[in-house]
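Structure first, commentary second.
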Amino acid sequence: MSSTVHLQPRQRWTGLAVLVLAVTLVAVDATVLSLAIPSISETLRPSGTQLLWIGDAYSFVLAGLLVSMGALSDRIGRKRLLLAGATAFGAASLLAAYAPGAGWLILARVLLGVAGATIMPSTLSLIRTLFPDDRERATAIGIWGAAASAGAALGPVVGGVLLEHFWWGSVFLLNIPVLLLLLVFGAWLLPESRDPKPGRWDVLSVLLSLAGVIGVVYAIKEAAANGVDRWDVPVAGLLGALALVVFVRRQLRLETPLLDVRLFGDRRFTAAVLASLIALIGLSGIVFVTSQYLQLVRGFPPLKAGLAELPAFAGAMAGGLLTARLVRRTGARTALTLGLLAMGAGLGLLGWIQQDTTYLLLAAAFLLVGTAEGVVYTLGADLVLSAAPGDKAGAASAVSETAYELGTALGIALVGSLVGALYANRLVVPAGTDPAAAAQAGESLGGAVEAAHRLPETLAGPLLASAKEAFVHGVNVAGMMAGALLLGAAVLAWRLLRGLGGGAAAEPEAMQEPVPAQERASEKANV
């Protein structure tokens, strides 16, 4: 069992505030860069592939290491790993802020992913330690989930404010004062907890999980962007899949596995993980391209573009905080399915936007998607945590976070690559354009905007018009495909939770509550 810690209510809730600060920081960092992509394109001049790696290297590494770091936190102490990871996160943030080239920025994003992987699973497992009472934990997880969801939605807003007044590196320097607060108050307020009998931390399992996740994701990303003609794409995919198969087989044999894959025998656990993964694939990719749409197609300055996405932040906060109440009314099966359907509808709306679409349609889509994502993410995290034994809280919560980050990485890779491919195929470069400018324009919409600055108006105008039309077409197709993906996720979740209905068996323990007033009165009398 995990270490049991007895704290006063005030200590528990102030400790939660520290954990919320940590998870918000990591979530913001996953999306804060989206609005800086045009500025980075102009300053560092990355290729189209480098641009995608700048966007998703963080989430790739985070996803590959979360399970390993979650298991490590069970062994060496969740508080200790959280504070060590926060220190490393600050150092990597400084490197990212002052990166002299695209390669250095990608490296910094990789290091941020390593550090972030130590923070995320520690926060959720510490909540289980802080809140042994089921209903208090439901509220705490709702706040935590709202912070994680809202942090991702808040990233573009924060980025917009900073980019309005400073250079793109400022989005990373923002991490430093937040991390200092986290280190000071975390050391003071958070209790230490660990698995008292953790067993050996299997290094081979760590390497297999990392190689498997990164190999498969790399293959999917490159296949979506460039096809499977290159030899490294099928080789990476095959080696990654083989590594994951060996990883699973090894976990079944180990006495103390890095990840107890038998947890997937619980349908609540499986439904929650798959729902979170698929939801984030659709959501993160659309956020990545929508930020470019607002700035490069609509011409919004960074601050206005960030504020335009504010309804997603508000919705995520509301959805996370209202999840427990929704589950008590409808059951977890219905709540999760409705959340996925609503998110799919919101993403599908983006399949109809044009260059001059009214902002009301965009705001409605952002609000719907944010609210639904708050419900799906919070409920998914609680389903995972309630299905796992207490002594494996770190490893189990790491699975939830892995689904979140892997979905983010895959979403940026797949949707970004899809939009890029559709853009390149539809772009019409005016005759007489310099070959170098034409090649730059074909890389990305940001490249086309940069290339147009060096062309005469007779060529720049038609190039920009074609580039914007091609990019919007890509966003339309991506939005409709993301909506269909979420529809499939809703059907999958409904089927996996079949038979668990809307009763107590369907609900996470922390969200169970008798609904009728007379039952509540009877319960209090019995107590």
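Under our numbering, think of the first position of the sequence shown as 1, with each following residue one higher.
No residue lacks a Cβ here, since even glycine has one placed at the ideal position from N, Cα and C.
These figures come from a predicted structure and were not determined experimentally.
If you compare alpha carbons, which of the options is closest to residue i?
| i | options | result |
| --- | --- | --- |
| L326 | L445, T139, I220 | T139 |
| I143 | S193, A241, V297, Y377 | Y377 |
| P435 | I106, A448, M317 | A448 |
| L277 | L112, V28, S59 | S59 |
| R268 | L336, V213, P301, V248 | L336 |
| V103 | R75, R45, L83 | Note on residue identity: the sequence assigns Gly, not Val, to residue 103. Looking at the Cα atoms, R45 is the closest of the given residues. |
| R200 | P132, A305, R75, R128 | R75 |
| P177 | V384, T87, D382 | T87 |
| L162 | V429, L19, L303 | L303 |
| L410 | A211, D56, L173, V289 | D56 |
| V419 | R249, S444, V399, V429 | S444 |
| R109 | G320, V171, T357, G474 | V171 |
| L486 | A467, E373, L189 | E373 |
| V26 | L52, S68, A115 | A115 |
| F131 | Q295, D232, L16 | L16 |
| A223 | A387, T358, A421 | A421 |
| L528 | L33, E136, A117 | This structure cannot settle anything about residue 528, because the visible part of the chain is limited to 1 through 527. |
| A305 | M317, V287, S386 | V287 |
Taking the C-alpha atoms as reference points, what is the distance between residue i and residue j?
| i | j | result |
| --- | --- | --- |
| A478 | V472 | 10 Å |
| L492 | A271 | 8 Å |
| A236 | L66 | 21 Å |
| N476 | A187 | 47 Å |
| V369 | L283 | 8 Å |
| K79 | V28 | 21 Å |
| L280 | G407 | 5 Å |
| N425 | M481 | 18 Å |
| L82 | L94 | 19 Å |
| M343 | T24 | 21 Å |
| Q11 | P100 | 44 Å |
| A97 | G113 | 15 Å |
| A470 | I54 | 23 Å |
| D266 | L427 | 48 Å |
| G502 | Y423 | Residue confidence is low: G502 scores 44 on pLDDT, short of 50, so the model does not pin down where it sits. Its coordinate-derived value is still stated next. So the two alpha carbons sit approximately 45 Å from each other. |
| G299 | T290 | 12 Å |
| I220 | A211 | 14 Å |
| R250 | L207 | 12 Å |
| A465 | A451 | 13 Å |
| L179 | V384 | 28 Å |
| V399 | S205 | 15 Å |
| L107 | Y218 | 16 Å |
| P514 | T14 | Since pLDDT at P514 reaches only 40, below the 50 mark, its modelled position is unreliable, and no value is offered. |
| A364 | L321 | 20 Å |
| Q295 | E457 | 21 Å |
| A504 | R498 | Residue placement at A504 cannot be trusted, given a pLDDT of 37 that sits under 50; the coordinates are not used to answer. |
Short check: CB of residue i to CB of residue j, under 8 Å?
| i | j | result |
| --- | --- | --- |
| L414 | A441 | no |
| L244 | V216 | yes |
| I119 | I141 | no |
| A380 | A275 | The question names Ala, but residue 380 in the sequence shown is Gly. In this structure, A275 lies closer than 8 Å to G380 by Cβ. |
| G578 | A314 | Nothing can be reported for residue 578: it is not among the residues displayed for the chain, which extend from 1 to 527. |
| F366 | E309 | yes |
| L307 | G159 | no |
| T323 | V261 | no |
| A490 | L350 | no |
| L258 | S209 | yes |
| G285 | G70 | no |
| L182 | V20 | no |
| I353 | L347 | no |
| G331 | T371 | no |
| G85 | N175 | no |
Return the chain-ordered list of same chain residues with a C-beta closer than 6 Å to the C-beta of residue i, the five sequence neighbours on each side being excluded.
| i | result |
| --- | --- |
| T433 | L459 |
| L238 | none |
| F264 | T270 |
| E255 | none |
| L111 | A92 |
| A403 | V273, S276, L277 |
| S122 | S73, R78, L81, L82 |
| G339 | A372, V375, V376 |
| F185 | V18 |
Could you name the residues of the same chain whose beta carbon sits closer than 7 Å to that of residue i, not counting the 5 residues immediately before and after it, in chain order?
| i | result |
| --- | --- |
| W168 | A36, S39, I40, T43 |
| H165 | none |
| W494 | R333, T337 |
| S47 | E443 |
| L51 | I37, S41, S444 |
| A467 | L427, A441, L445, A448 |
| P430 | L459, P462, L463 |
Might you give, ordered along the chain, the residues of its own chain that have their beta carbon closer than 8 Å to the beta carbon of residue i, omitting 5 neighbours on each side?
| i | result |
| --- | --- |
| L455 | T433, D434, A437, L463 |
| I214 | F60, V61, G64, G240 |
| G488 | I278 |
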